[in-house]
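As structure tokens, the structure follows; a few thoughts come after it.
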Amino acid sequence: MTDDITKDSNGNLLSDGDSVTLIKDLKVKGSGGVTLKRGALVKNIRLTGDPDEIEANVEKVRGLVLRTEFVKKA
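Start counting at 1 in the sequence shown, then tack on 1466, and there's your number in the working numbering.
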């Protein structure tokens, strides 16, 4: 079951409740033009069943799914 380990863009292990920082500006589809800026802190992430994705709540978007390639552990 080593395939289910979730890692950030630098290879650090992520777990439920961690905080991450975005490493790239991300446009959020379906949110009316919201863009998450590089360096934004995302607190209290949740792991999904997919090791390449995490779920998070940010200031304007709830239940957002982020790709782990765009975040680093804070």
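Ideal Cβ positions, reconstructed from N, Cα and C, are used throughout, including at glycine.
Residue of L1492, K1526 and G1515 minimising C-alpha distance to E1535: Of the candidates L1492, K1526 and G1515, the one whose C-alpha sits nearest the C-alpha of E1535 is L1492.
Buried or exposed (CB count within 10 angstroms, at least 16 for buried), I1511: Looking at its Cβ environment, which holds 16 or more other Cβ atoms inside 10 Å, I1511 is buried.
E1519: first and last residue of the uninterrupted beta strand (DSSP E) it sits in: E1519 -> beta strand (DSSP E) spans E1519 to A1522.
For R1512: DSSP bridge partner residues: Answer by DSSP bridge pairing, in chain order: E1521.
Span separating the alpha-carbon of N1476 from that of L1532: Straight-line spacing of the CA atoms in N1476 and L1532 works out to 15 angstroms.
Beta-carbon contacts of L1513 that lie in its chain and below 8 angstroms, excluding the five residues immediately before and after: Residues T1472, L1480, S1481, D1482, I1520 and E1521 of the same chain have their beta carbon placed closer than 8 angstroms to that of L1513, with the five preceding and five following residues left out of the count.
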